[in-house]
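A.B. asks:
Number of protein chains: 2
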Amino acid sequence: MSVEVALAQTVVASWKLVAGRADKLFNGLSDAELEQEIAPGKNRLIYLLGHLTAAHDRTLAILRLGERLHPELDEPFLKLPDRAATEIPSGETLKAAWLQVNAALLAGVEKLTPAEWIERHADVSEEDFLKEPHRNRLAVFLSRTSHLSFHIGQIILTLKK
Amino acid sequence: MSVEVALAQTVVASWKLVAGRADKLFNGLSDAELEQEIAPGKNRLIYLLGHLTAAHDRTLAILRLGERLHPELDEPFLKLPDRAATEIPSGETLKAAWLQVNAALLAGVEKLTPAEWIERHADVSEEDFLKEPHRNRLAVFLSRTSHLSFHIGQIILTLKK
Numbered sequence: 706m707s708v709e710v711a712l713a714q715t716v717v718a719s720w721k722l723v724a725g726r727a728d729k730l731f732n733g734l735s736d737a738e739l740e741q742e743i744a745p746g747k748n749r750l751i752y753l754l755g756h757l758t759a760a761h762d763r764t765l766a767i768l769r770l771g772e773r774l775h776p777e778l779d780e781p782f783l784k785l786p787d788r789a790a791t792e793i794p795s796g797e798t799l800k801a802a803w804l805q806v807n808a809a810l811l812a813g814v815e816k817l818t819p820a821e822w823i824e825r826h827a828d829v830s831e832e833d834f835l836k837e838p839h840r841n842r843l844a845v846f847l848s849r850t851s852h853l854s855f856h857i858g859q860i861i862l863t864l865k866k
Numbered sequence: 706m707s708v709e710v711a712l713a714q715t716v717v718a719s720w721k722l723v724a725g726r727a728d729k730l731f732n733g734l735s736d737a738e739l740e741q742e743i744a745p746g747k748n749r750l751i752y753l754l755g756h757l758t759a760a761h762d763r764t765l766a767i768l769r770l771g772e773r774l775h776p777e778l779d780e781p782f783l784k785l786p787d788r789a790a791t792e793i794p795s796g797e798t799l800k801a802a803w804l805q806v807n808a809a810l811l812a813g814v815e816k817l818t819p820a821e822w823i824e825r826h827a828d829v830s831e832e833d834f835l836k837e838p839h840r841n842r843l844a845v846f847l848s849r850t851s852h853l854s855f856h857i858g859q860i861i862l863t864l865k866k
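Protein chains in written order, with this note's numbering: chain U, 706 to 866; chain Z, 706 to 866.
(1) Out of ALA844/U, GLY813/U, LEU712/U, which one is the CA nearest neighbour of ARG773/U?
(2) Under the rule that 16 or more other beta-carbon atoms within 10 Å means buried, what is PRO786/U, buried or exposed?
(3) Please report how far the alpha carbon of PRO776/Z lies from the alpha carbon of ARG849/Z, in whole angstroms.
(4) Using C-beta distances below 8 Å, list every residue in its chain close to ALA724/U, excluding the 5 sequence neighbours before and after it, in chain order.
(5) Buried or exposed: where does PRO819/Z fall if 16 or more other Cβ atoms within 10 Å of its Cβ makes it buried?
(6) Kindly list the residues whose CB is nearer than 6 Å to the CB of LYS816/Z, restricted to its own chain and excluding five residues on each side of it in sequence; keep chain order.
(7) Kindly indicate if chain Z contains any beta-carbon less than 8 Å away from that of ALA796/U.
(8) With DSSP collapsed to three states, give me the class of ASN748/Z.
(9) When we look at the beta-carbon of LEU843/U and count the other beta-carbons within 10 Å, is it buried (16 or more) or exposed?
(10) Between the C-alpha atoms of ASP833/Z and LEU847/Z, what's the straight-line distance to the nearest angstrom?
(11) Determine the chain U residues that contact LYS784/Z at a beta-carbon separation under 8 Å, and present them in chain order.
(12) Nearest-angstrom Cα distance between ALA809/U and THR791/Z?
(13) Please report the distance separating the alpha-carbon of HIS826/U from that of SER795/Z.
(14) Which residue spans inside the region 741-820 of chain Z form an unbroken alpha helix (DSSP H) run of at least 4?
(15) Can you tell me which of the three DSSP states ARG825/Z falls into?
(16) Within 8 Å (strictly less), CB to CB, does ASN841/U reach chain Z?
(17) Quick one: measure Cβ to Cβ for THR758/U and LEU778/U, integer angstroms, because I've assumed they're closer than 8 Å.
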């Protein structure tokens, strides 16, 4: 295996570890538990589930991996803070969307060649990318991995010792 | 620039973003603020500062980048939970150690070639690495980036809106 392929595979393996940890956390939560706040007055778990699903769905587009699956989640979970939307999907609906979006994202990134990883992401123009080559797919994906870890650190606070 | 060099540079750039965010958070905290808990009954910020410093110091050894700088932090911040050690260093001492350890870590990883990134880390033997080539330096470094993001997600909860 070439060095560049090994590097790309390690990045995807790291994502799988983090996403798998989130899967386990969300999967074990009842509707009542999804109403818990990560800390007094802070986001509820159901909001973070929707927020992460929406963020990963957007990532499908930013990485140019295909069409988005759930753009309807942007308004309640990316644009608005928790408790601001008049209505949000059920926990069951969000859990299904979470698994669906992450499966599509993983299938997409597993197909990327090393050269494709360092191609521009969708939010940067071809002109700007010539001057700013660090704005590549891998940078976005690592940023999404960190974003997921960031929220896992919060979700874990609601667990009993 | 080759694809493999671009991949390695993107990984280091991602670390710098996350570590820079943590620097800003810790740097702005007074001794009194370092005593805050991330949530009722959970870790204090000073514990997380020591914990992350100790974890990154250990990473110097695991990535085989050189001698550790602060192994004395393992006992109070890795082995023991918050409030269990009889004495811990001051906030000022820990902030200085944090900057020192991260500077050493960054200097070390910036020198790694792509081929060195996929070499074994120090906690896996040469024999085991032949069977488990995913246990490489990059896997450790990505895991440390996620670990840092995980705790930043908690630290941020103590900030006023």
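Every residue gets a Cβ at the ideal spot worked out from N, C-alpha and C, and that includes glycine. Predicted model only: the values in this text are computed from it and were never measured.
C.D. replies: Judging by the given coordinates:
(1) GLY813/U
(2) exposed
(3) 17 Å
(4) ASN807, LEU811, LEU853
(5) buried
(6) none
(7) Just to set this straight, residue 796/U is Gly in the shown sequence, not Ala. Taking Cβ atoms only, chain Z never reaches closer than 8 Å to GLY796/U, which makes this a no.
(8) coil
(9) buried
(10) 20 Å
(11) The contacting residues do not exist; LYS784/Z stays about 18 Å from chain U at best.
(12) 50 Å
(13) 44 Å
(14) 750-767, 796-816
(15) strand
(16) yes
(17) 6 Å
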